[in-house]
Amino acid sequence: MKQKKQKENIVKNPIRWRLNGLFFMVFLLFSILILRLGVIQIIKGEAYAAQAEKTDVTPVSYSVPRGKIYDTNHKSVVYNIPEKAIIYTPPKNPQPGELLELAKKLNTFLVMTDKEINKVTDRDLKDIWLLEHNNGTDLITKKEEKLYKQEKLNNKDLYKLKLKRITEYELKKMDKNLAAIYRKLSSAIALTPTMVKNENVTEEEFAKVNENLDNLPGVDVTTDWKRGRNYGETFWNMLGEVTSADEGLPAEKVDYYTAKGYKLNDRVGKSYIEELYDSVLQGRKEKVKTVTDQNGNVVSTETVSEGKSGKDIVLTIDMEFQAQVEKIMQEELVSAIQKPHTDTLDTAFVVAMEPKTGSILAMSGKVYDRKSGEFTDFTPGTFTYAFEQGSVVKGATVLTGYQTGVRDFGETELDEVMRFKGSGTFSSYQVMNRITDLEALERSSNVYMWKTAIEIMGGKYVPNGTLNIDPKKIETIRYYFNQFGLGIPTGIGFDNETAGIKGTNTSTYFQIAIGQLDTYTPMQIAQYITTIANGGYRMKPQLVKEIREPNEDGNELGNVIDEIEPVVLNQVDMSAEMLKRVQQGFWLVTHGSKGTARGYFKDEPYNAAGKSHRSSIQPRYTECYL
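Per this note's numbering, the very first residue in the sequence shown carries number 11; after that it's consecutive.
Quick look at the structure:
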């Protein structure tokens, strides 16, 4: 009996020890848990509570009206047209389902424009279909589900299968207006106001959305703007354009603008004056501090700084004068092509520049379509299109001859038929015999200019001989031509300006003297001719003369902030006497008894001087200054 009890105790003792050990471990774990909870609640309670209530503060910018543009007489040229608009500012992490529900609510109020509806793709419709049909679960077979679980298919594979199986019939039943709204909402950038509709918003749409803002999270009503113009097609190309809210920053300049603090959906000038002066016209945006919780929901907003409309700019352009210039150009071009030997004539350029300041009073380019009888504006061609300009450059040739010492005032040269061994003959439009420098300009002698260029390049004309020149010395001619703006950028400020192309055929290098080698733009010709007119100062072409504060009431211009001063780019090496001599020659072109442009200017009430391109048919290009 005693032995039996001892055996039972031996069996029970290990069990008791194990149970005691288990109870102890449970007690120890509970003690650690209680201790940990105490640390969290008592020692770190405030820190964790603060983290739970932590919010993010994000600055948000709201656009302001763009600055206006006026002409030199302070007449309004470009202005802003206010438009009612519906905007959406999404939270940090908007869910597709939530966006679709919001789109459905807006769909009861808004009718999107045809332009926006036409942007809706089948892919947009399919994504909405999936949201409305349990993410397309029924479109996946059990076999495919099994492959997915075996990791032989991934989410992307299933998504492609779903898209493929949504039928055309299903898509035709879908509401494209709803899809257009959803497309706008889903493309919005977190905490950034985005236009849902800012064109043709009706009074009813605006009112209904405004009345239901409490039920439309993130949606608001505001006033937007678009650009309007007072002079129709006049100078329209050079005024430039502004990107739309949909376009935002131009793709090719995203890095440039974002580095300056712009948002991707900001509207900016995308061409010419609107682009060149974007930083002035853009204005200062209203900055709002947006506070969000950990879920990305907006908790509160606070205006940090008020916005201010963009500054206004005043052009050097006289729009009434510009309109007349364009009208006359078109009339003259149509008249000119009626004459013989004008089969290729279809383009005309005009640049009217004030010689002493560089202010551009008018500039235009027109291309005529002979079939349709329509004109196309090509005003940017005044600085982007370079071609051989012809005899208008002869003033620069004579001045270069003076400066290099190969010509002198009153020195005569024989205008004859020039013959080079193996190169044929060269002559002016008529043989002029012995002529002076002034007569060479008045009558537009080619031979005088060719011989001048040949001597500058170290050669000497020998009848029936070989043309012997030092090709490197053409750079001497180009050096002096550059001083007038021929062959170098004018400084007008546009990135797409061209400096022209240098001719490379050494056997025709002497043709540079009559403008038949290197190419120049009309703007370069204007800068060259005004440099001679003002006594030797190459002026930067200016299109803007003032920057002014915006005037909120719109009745009068604001105060002048900045007055754009004339900029002298360089002074030519030639003396005042040399320049006056060429000025005299240019006056003879328009008033001399044998002047090539006498027929155009002899009876005019103003005292014009200039240089024409004289051909055997008719003058092709004339530049004049008063």
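Don't be surprised by glycine CBs; every beta carbon is placed ideally from N, CA and C.
Could you tell me if residue i is buried or exposed, where buried requires 16 or more neighbouring beta carbons within 10 angstroms of its beta carbon?
| i | result |
| --- | --- |
| N617 | exposed |
| M35 | exposed |
| G279 | buried |
| S319 | buried |
| R417 | buried |
| T118 | exposed |
| G146 | buried |
| Q493 | buried |
| Y530 | buried |
| G495 | buried |
| D425 | buried |
| Y58 | Confidence at Y58 is low in this model, with a pLDDT of 49, below 50, so the placement of that residue should be treated as unreliable; the coordinate-derived value is given next. With fewer than 16 other Cβ atoms within 10 Å, it is exposed. |
| Q537 | buried |
| V403 | buried |
| K64 | Caution applies to K64, whose pLDDT of 49 falls short of 50 and renders its modelled position unreliable; the model cannot decide the point. |
| G475 | exposed |
| Q534 | buried |
| S603 | exposed |
| V577 | exposed |
Considering only the alpha carbon of each residue, which of the options lies closest to residue i?
| i | options | result |
| --- | --- | --- |
| F419 | G411, D528, Q332 | G411 |
| K321 | I138, Q581, V582, I79 | I79 |
| V344 | E178, V335, G383 | G383 |
| P390 | N247, Q399, N474, E142 | N247 |
| Y490 | H623, D234, T407, G228 | T407 |
| M428 | L451, A450, V457 | V457 |
| Q540 | A450, H601, L589 | It should be pointed out that residue 540 corresponds to Thr in this sequence rather than to Gln. Among A450, H601, L589, the Cα nearest to that of T540 belongs to L589. |
| F436 | K172, F520, L451, L355 | F520 |
| A619 | Y439, E452, V570 | E452 |
| K433 | E421, E336, L477, T508 | Note on identity: in this sequence residue 433 is Ser, with Lys being the wrong assignment. Comparing Cα-Cα distances from S433 to each of E421, E336, L477, T508, the minimum goes to L477. |
| R444 | E421, I464, T354 | E421 |
| Y169 | T177, I150, K182 | I150 |
| E95 | I338, Q340, E214, T131 | In the sequence on display, residue 95 carries Ala and not Glu. Residue E214 is the option with its Cα nearest to A95. |
| I479 | E342, P499, M442, T518 | T518 |
| L109 | E142, S374, K129 | E142 |
| R591 | A217, A450, P473 | A450 |
| L135 | V87, L120, L173, K152 | L173 |
Please report the Cβ distance between residue i and residue j, rounded to the nearest whole angstrom; I am assuming they are in contact, meaning their Cβ atoms lie under 8 Å.
| i | j | result |
| --- | --- | --- |
| W460 | A523 | 6 Å |
| P365 | G228 | The pair is not a contact, with the Cβ atoms about 58 Å apart (cut-off 8 Å). |
| Y98 | A198 | 5 Å |
| K621 | G271 | Contact flag wrong, Cβ pair sits at about 49 Å. |
| V554 | T326 | 7 Å |
| F393 | F504 | 6 Å |
| P551 | G501 | 7 Å |
| Y241 | A372 | Incorrect: roughly 12 Å between the Cβ atoms, too far for contact. |
| M284 | G317 | Going by the sequence as given, residue 284 is Glu instead of Met. Not quite, the Cβ-Cβ distance comes to about 19 Å (not below 8 Å), so this is no contact. |
Quick one: Cα of residue i to Cα of residue j, how far?
| i | j | result |
| --- | --- | --- |
| L448 | S369 | 30 Å |
| V74 | T204 | 14 Å |
| Y471 | H623 | 24 Å |
| D265 | D230 | 30 Å |
| K376 | A362 | 15 Å |
| S401 | K263 | 41 Å |
| G605 | T462 | 21 Å |
| G595 | R237 | 48 Å |
| E155 | D137 | 20 Å |
| M467 | K612 | 37 Å |
| T446 | K431 | 27 Å |
| N103 | N165 | 21 Å |
| K186 | L201 | 26 Å |
| A607 | S289 | 45 Å |
| L355 | I347 | 6 Å |
| Q292 | M549 | 28 Å |
| D387 | F331 | 17 Å |
| R133 | G107 | 17 Å |
| S196 | L171 | 23 Å |
| A358 | E180 | 57 Å |
| K183 | I176 | 12 Å |
| G497 | D167 | 60 Å |
| I127 | E614 | 59 Å |
Compute every distance between the C-beta of residue i and the non-hydrogen atoms of the ligand MG, then say whether any falls below 8 Å.
| i | result |
| --- | --- |
| E449 | Absent from the structure shown: the ligand MG. Ligands present: none. |
Taking contact to mean 3 or more Cβ pairs, one atom from each stretch, closer than 8 Å, check whether the stretch 82-92 and the stretch 198-211 are in contact.
The answer is no - the stretch 198-211 does not touch the stretch 82-92, with fewer than three Cβ pairs under 8 Å.
Assess, as a yes-or-no matter, whether the stretch 268-285 is touched by the stretch 249-258 under the definition of 3 or more beta carbon pairs within less than 8 Å.
Segments in contact, yes.
contact_flag[the stretch 571-591, the stretch 538-552] where n(CB pairs < 8 Å) is 3 or more
Contact annotation: the stretch 571-591 touches the stretch 538-552, with at least three C-beta pairs closer than 8 Å.
Is the number of C-beta pairs between the stretch 182-201 and the stretch 112-130 that are closer than 8 Å three or more?
With a cut-off of 8 Å, the stretch 112-130 and the stretch 182-201 count as touching, because enough Cβ pairs lie within range.
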